[in-house]
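Numbering (my numbering), first residue to last: 2 to 566.
For every residue, glycine included, the Cβ atom is placed at its ideal position computed from N, Cα and C.
As the structure is a computational prediction, the values presented were derived from the model and not from experiment.
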C-alpha cells in the first residue's frame, strides 16, 4: 500500500498517527502489505477494511453474495487456480460482462488482463474472504452423486468379492474408483456437517457409519456388511497402514484438502468381534480459536489475559477428555506468541502446528516422555513452556521448578473442577509449599452446545419441571428470567443446537486459598472459600449463558452433573 492510502486511513479515523507508524514498521519488518498487518493484528475487521476500500476505489461492497445466477459454462471457462490465487468468485454474467467478487482488490491483475483470462468484460465487486471461499466450495463441490449412487457402483465391483480375500486383492479393491469415491464422500460429508470424528463400526449383519457432531454421535450411513473390508482397506491405504494386518491395533494419519480447508485426519484401527473398527479424528488446521472466541465473558477474559502475560508461574487447565483444554492452551499461546518470546511445547499428540512455536511429540517407545522432554526444553532457553499433561510426580516436579526459576508454564490435568486439581497434585506427591509458590491459577472448563441461530426462538418460562430445576440450583422464583431461548430444529442444526462454546471456572491462588492448601484442606472447603471470594462456578457460568440465550438449562445440567456445588 502506498503513502496516499496510509493518509486516507488516517483521514477516515481507522488509525491514529502512533498506530500507523507502528503498523508501517511491522509492515516493513514482515515485508507485508499494511492492510494485511492491520487485519492480522486485529486493529480492523475485514468488513470495515473492505468498506473503506470500496469508498476509495469506487467498487461496490456486498456483505452477502448470491451465486444462483452463475452458469456452468462460466465456471468451465475459468481455471479454479486463478480464482483461488486472486480470491475471486464469479457472481453473475450479463451478456458479455462477468461480475467477479474479490476480497483482495489490491492484489489483482488489471481488468483488461482478467478479461483476456476469462473471455468476458469484467465488473468487480468486493466481498469478505469467507464469502468468496465459502461460495467457491459450493460451486466447485465434487459432483459425485449421493452415497446411495456410489454404493450401487460399489456393488458391481464387489460382486466377485469373496470372504477369502488376500492382501493383494484388498489393495486392488481399495484402489477401485467406487470405493475411493465412497470413502471420499463419507469424509467430505463429515467435514460439511462439522463432524469431529467418523466411526466405521462392524455390527451383526450390517456396517454402521456415525459422525460425532458437537460432541454427540449421530447415525450417518448403514452400508451392507460386505462393503466393510473394502472401506477399511481404503482408509488403511490412505493412512499408509498395513492392510494385511487385522489382528493388532494400528494408528496412522493423512491430510486432505476440502475447498480451502486443510484437514488433518488421525486414523485408529482396532480389531473387534465382527471385524475391524475404525475411528477417524478430523482436525481442521484453520480452526484455531482466538482467546476471545472461546466463551469468556469480559471480566473472565481480562483475568485470563493478565494471567497469560505473567513472566513466571504455572497455569493449569482442567477438565475431562474432549472438554477443549488443548484448544484453550493453543489460543493462549497464539495470543502471547511474538518474535521476542521463545515458546516450546511437549505434547501427546501435537494436534495443531503453531507458527513460530517449537513443538515436541512425546514418544514413550524411545523414552521421550513428558518429563524427559521437559528436561530437554529447559536447556533451550525458553520463556514459555507448555506441557501436554501433568501425569506423574516427575513431570509436575520439573514443571514446578521451571516456574520457580522464571518460566511461565501451561499444562492440563484431569479433574472435575478447579479445587480438585489442587488435591490431585498433593495426592501425586507435590509439597503444598511448592504448589502455593508456583501455581498462579487453575481454569476448569466444559463444552456445551449452542442454540442454533437460524431456528432460535423465545419462550416463556412456565413449565413447572423447568422452574423446579432452577429452584434446585438455589435460584429463587422471583430471580428467574421471564423469557428463555431454545432451538426448534432446522436444516442448519441438530436438535436445535449448532456449534459449541466453553463454560469456565477460574480459581486464583490468592492468600486465603494458599493458607488452605498449606493446611491440606479438602477440595470442597477450598471451593467454598473461593466462591465466597467471588469465583463463578462452571454451573454458574453455564446458567449465565442460559440467561443470555446462548444455550439451554438442560445442556448445562448434563455437562455439569458430576460437579459438586
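Beta bridge counterpart(s) of residue i as assigned by DSSP
| i | result |
| --- | --- |
| residue 200 | 211, 280 |
| residue 251 | 270 |
| residue 122 | 98 |
| residue 218 | 213 |
| residue 103 | 89, 127 |
| residue 62 | 127 |
| residue 77 | Paired residue(s): none; residue 77 is not in a bridge. |
| residue 259 | 262 |
| residue 285 | 264 |
Buried versus exposed call for residue i [16 or more other C-beta atoms within 10 Å across all chains shown]
| i | result |
| --- | --- |
| residue 469 | exposed |
| residue 88 | buried |
| residue 225 | exposed |
| residue 199 | buried |
| residue 296 | buried |
| residue 248 | exposed |
| residue 556 | buried |
| residue 218 | exposed |
| residue 383 | buried |
| residue 525 | exposed |
| residue 8 | exposed |
| residue 506 | buried |
| residue 252 | exposed |
| residue 31 | exposed |
| residue 356 | exposed |
| residue 332 | buried |
| residue 534 | exposed |
| residue 100 | buried |
| residue 81 | exposed |
| residue 373 | buried |
| residue 407 | exposed |
| residue 460 | exposed |
| residue 325 | buried |
| residue 368 | exposed |
| residue 328 | buried |
| residue 522 | buried |
Integer Cβ distance of residue i from residue j, believed to fall under 8 Å
| i | j | result |
| --- | --- | --- |
| residue 554 | residue 547 | 5 Å |
| residue 63 | residue 102 | 7 Å |
| residue 277 | residue 233 | 5 Å |
| residue 315 | residue 241 | No, residue 315 and residue 241 are not in contact; Cβ-Cβ is about 38 Å, not under 8 Å. |
| residue 345 | residue 381 | 6 Å |
| residue 60 | residue 127 | 5 Å |
| residue 404 | residue 410 | 5 Å |
| residue 123 | residue 94 | The pair is not a contact, with the Cβ atoms about 11 Å apart (cut-off 8 Å). |
| residue 1 | residue 221 | Lying before the first or after the last residue shown, residue 1 is absent from the chain, which here runs from 2 to 566. |
| residue 389 | residue 431 | The pair is not a contact, with the Cβ atoms about 18 Å apart (cut-off 8 Å). |
| residue 318 | residue 330 | 6 Å |
Proximity to residue i [Cα-Cα], best of the options
| i | options | result |
| --- | --- | --- |
| residue 250 | 258, 256, 272, 267 | 272 |
| residue 441 | 486, 450, 451, 400 | 400 |
| residue 205 | 311, 223, 212 | 223 |
| residue 475 | 278, 138, 541 | 541 |
| residue 73 | 139, 521, 40 | 139 |
| residue 536 | 284, 444, 229 | 444 |
| residue 265 | 95, 188, 307 | 188 |
| residue 134 | 366, 262, 485 | 262 |
| residue 561 | 551, 510, 526, 504 | 504 |
| residue 516 | 252, 253, 423 | 423 |
| residue 115 | 86, 132, 479 | 86 |
| residue 520 | 446, 427, 563, 489 | 427 |
| residue 207 | 186, 196, 229 | 229 |
| residue 132 | 83, 312, 38, 92 | 92 |
| residue 485 | 286, 552, 182, 14 | 552 |
| residue 275 | 227, 512, 51, 42 | 227 |
| residue 543 | 528, 534, 533, 559 | 559 |
| residue 545 | 453, 331, 301 | 301 |
| residue 420 | 330, 38, 55, 527 | 527 |
| residue 197 | 418, 488, 429, 216 | 216 |
| residue 478 | 463, 490, 488, 492 | 463 |
| residue 285 | 375, 48, 418, 255 | 255 |
| residue 106 | 183, 75, 36, 120 | 36 |
| residue 458 | 471, 497, 359 | 497 |
| residue 68 | 136, 181, 96, 51 | 136 |
| residue 492 | 194, 23, 182 | 194 |
CB contact check: residue i to chain B, cutoff 8 Å
| i | result |
| --- | --- |
| residue 463 | No chain B is present in this structure, which holds just one protein chain. |
Counting only runs of 3+ residues fully inside the stretch 291-347, write out the beta strand (DSSP E) ranges in chain order. Segments of the beta strand (DSSP E) lying fully in the stretch 291-347: 314-319.
For the stretch 476-528, list the beta strand (DSSP E) runs that are entirely contained and at least 3 residues long, ordered along the chain. Whole beta strand (DSSP E) segments, 3+ residues: 484-488, 498-509.
Counting only runs of 4+ residues fully inside the stretch 14-56, write out the alpha helix (DSSP H) ranges in chain order. Counting only runs of 4 or more residues that sit fully inside the stretch 14-56, the alpha helix (DSSP H) segments are 18-31, 35-41, in chain order.
Quick check for students: name the residue ranges of the beta strand (DSSP E) that lie wholly in the stretch 349-387, counting only runs of 3 or more. Entirely contained in the stretch 349-387, the beta strand (DSSP E) runs reaching 3 residues are, in chain order, 359-362.
Runs of alpha helix (DSSP H) wholly within the stretch 392-469 (minimum 4 residues, chain order): Runs of the alpha helix (DSSP H) lying entirely within the stretch 392-469 and spanning at least 4 residues, in chain order: 394-405, 419-429, 433-439.
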